[in-house]
Amino acid sequence: PNDGTVVKIGFSQGMNTDDWRRQLNKSMVIEASLHPEVNLEIKDANNDVQQQIKDIEKFIDLGTDVIIVSPIEAKPLTAIVEKSVKKGIPVIMVDRKINSEEYTAYIGADNIEVGRIAAKYIVSNSNGNGKIIEITGLKTSSPAYERGLGFSQIIDQHPQMKLVSVINGDWESRSVKPQLKKLLQSDPDIEYIFAQNDRMALGAWETAQELGLENKIKFVGVDALNTPNGGIELVKKGILQASILYPTGGNEALRLALKIYNKEPITKNNLLNTIVIDKINAEIIKSQLDKVDQQQTVIKQQLENISEQEREYASQHSLVRLLTLF
Ligand code: FRU
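Under mature numbering (1 follows the signal peptide of the UniProt record, and there is no 0), the residue at position 274 of the sequence shown is numbered 275, and the numbers go up by one with no gaps.
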């Protein structure tokens with residue numbers, strides 16, 4: 002039952018250039034369509050920090066009820082998020098954070114934990130020389146900092162493991178290839194490469210392949226998407242040894258926005274679960290995620306049928322009104 006209230010939710014997305022971001026948007030849109038009172042608008046900043054600030058400014062000016070943000074970088078987005086909260090418009094951070102606690106809630110996996118889990122996996126599976134290269138995401142975005150922190154916390158406790166180099170990537174595969182090539186040419190004797198996401202892990206594997214090292218080095222990534230060339234497929238193909246699942250949290254973010262709008266009690270830090278995916282569980286996880294996808298398709302289909310019926314009803318209704326005139 003809808004009393005005609007419209008809840009305006011604005012999502013400021015950093016970019017739309019990879020499957021993880023697209024999946025985040027998709028799950029948020031599906032969740033929004035289950036709540037007829039919600040009017041969800043997504044603005045895509047195209048990986049441009051200044052644009053993202055403008056997008057959030059726009060949401061504030063439009064009188065948006067709740068703003069959801071996945072900030073490209075932490076520092077430059079801090080002031081605008083604080084401004085929104087001060088004006089009384091709640092802001093939910095998804096996946097990435099700002100340099101302040103002045104936001105309403107965070108939802109996403111614990112990125113320090115993601116780094117720790119990757120390191121623990123490598124420590125317990127290492128039977129070689131223990132030499133590791135780490136490839137980070139964009140250092141000015143919070144998950145890169147946090148994954149790196151968690152990763153070295155664990156590695157530092159194990160003297161048999163050696164983090165020999167850290168390459169600063171930008172979350173995309175092309176940013177790591179030239180540097181990694183140079184590193185591997187000067188020291189090919191690396192046991193593990195930990196890349197902070199699967200796209201960079203695949204780029205690292207391709208670089209190793211050019212040098213004939215792809216079977217010697219083991220690769221661990223993050224995200225574990227169930228998409229073509231996503232982490233789950235890469236694990237199944239044996240390209241990655243493991244990927245740490247990084248859920249997008251699109252559905253949950255939208256539900257949280259509604260709770261906040263309805264003034265229900267919430268927790269500030271909402272952590273989503275993560276898990277290591279390797280060849281032992283890749284198949285079962287894939288079939289579970291396939292089922293979720295199928296259910297989402299069914300829901301979408303049903304929603305389309307409902308609005309089709311509504312349109313038909315509306316036109317029959319006006320036909321009946323027309324006929325009663327005669
Ligand atoms: C997607 C992405 C993911 C990564 C996340 C970190 O744009 O790069 O691969 O896990 O952002 O914020």
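For each residue, glycine too, the CB sits at the ideal point set by N, CA and C.
Y247: CB within 8 Å of a non-hydrogen atom of the ligand FRU: Within the sequence shown, the letter at position 246 stands for residue 247. Checking every heavy atom of the ligand FRU against the Cβ of Y247, one is found closer than 8 Å.
Spatially closest choice to T22 from N198, K132 and P179, by CA coordinates: For the purposes of this step, residue 22 is identified with residue 21 of the sequence shown, where counting begins at 1. One point to set straight first is that residue 22 is Arg, not Thr, in the sequence displayed. Considering only alpha carbons, the answer is N198.
CB contact flag (D96, G250, <9 Å): The count along the sequence shown starts at 1 and reaches residue 96 at position 95. The count along the sequence shown starts at 1 and reaches residue 250 at position 249. Contact flag set, yes.
The ligand FRU heavy atom lying under 8 Å from the CB of R312: Numbered from its first residue, the sequence shown carries residue 312 at position 311. No, the beta carbon of R312 sits no closer than 8 Å to any heavy atom of the ligand FRU.
C-beta contact flag for A254 and Y146 at 9 Å: Within the sequence shown, numbered from 1, the residue matching residue 254 stands at position 253. Within the sequence shown, numbered from 1, the residue matching residue 146 stands at position 145. Remark: C-beta atoms of A254 and Y146 do not approach each other more closely than 9 Å.
DSSP three-state assignment for G239, whether helix, strand or coil: Sequence index remark: in the sequence shown, residue 239 carries index 238 (1-based). Correct three-state label for G239: coil.
Top-ranked residue by Cα proximity to L63, from P77, S85 and T79: Here residue 63 refers to the residue found at position 62 when the sequence shown is read from its first residue. The shortest Cα separation from L63 among P77, S85 and T79 belongs to S85.
Continuous alpha helix (DSSP H) stretch holding T208: start and end: The sequence position of residue 208 within the sequence shown is 207, counting from 1. It spans D199 to E211 - the alpha helix (DSSP H) in which T208 sits, taken as one unbroken run.
DSSP-derived helix/strand/coil call for M94: As a working note, residue 94 is residue 93 in the sequence shown. Residue state, collapsed to three classes: strand.
Those runs of the beta strand (DSSP E) which lie wholly inside the segment 40-95 and span at least 3 residues: 67-70 and 92-95
Exposure of Y104, with buried meaning 16 or more beta-carbon neighbours within 10 Å: Here residue 104 corresponds to residue number 103 of the sequence shown, with the count starting at 1. Flag for Y104 reads buried.
CA-to-CA distance, K219 to G239, given in whole angstroms: Here residue 239 corresponds to residue number 238 of the sequence shown, with the count starting at 1. Here residue 219 corresponds to residue number 218 of the sequence shown, with the count starting at 1. Rounded to the nearest angstrom, the two C-alpha atoms are 10 Å apart.
As assigned by DSSP and simplified to three states, the class of T137: Locating residue 137 in the sequence shown gives position 136, where the first residue counts as 1. Looking at T137 - three-state DSSP - the assignment turns out to be strand.
Assigned exposure category for L324 - 16 Cβ within 10 Å defines buried: On the sequence shown, position 323 is the one that residue 324 refers to. Exposed, since its Cβ has fewer than 16 Cβ neighbours within 10 Å.
Cross-strand partners of S13 (DSSP beta bridge): Within the sequence shown, the letter at position 12 stands for residue 13. DSSP lists K44 and V70 as partners of S13.
Close Cβ partners of I155 (< 6 Å) along its chain, the five nearest in sequence each way excluded: If you number the sequence shown from 1, residue 155 lands on position 154. Cβ within range, chain order: R117, A120 and K121.
E32 burial status per 10 Å Cβ neighbour count (16 or more: buried): Here residue 32 refers to the residue found at position 31 of the sequence shown. With 16 or more Cβ atoms within 10 Å of its Cβ, E32 is classed as buried.
Neighbour-count burial assignment, V321, 16 or more Cβ in a 10 Å radius: Residue numbering aside, residue 321 sits at position 320 when the sequence shown is read from its first letter. By the neighbour-count rule (16 or more Cβ atoms within 10 Å), V321 is not buried but exposed.
Reduced DSSP category for T18 - H, G, I as helix; E, B as strand; rest coil: What you label residue 18 is simply residue 17 of the sequence shown in a count that begins at 1. Here T18 sits in coil by DSSP.
Where the alpha helix (DSSP H) containing G109 begins and where it ends: Position 108 of the sequence shown, counting from 1, holds the residue named residue 109. Not the alpha helix (DSSP H): G109 falls in the beta strand (DSSP E), residues A106 to A110.
CB of A243 within 9 Å of CB of I93, strictly: Your numbering for residue 243 matches position 242 in the sequence shown. Your numbering for residue 93 matches position 92 in the sequence shown. Contact: no.
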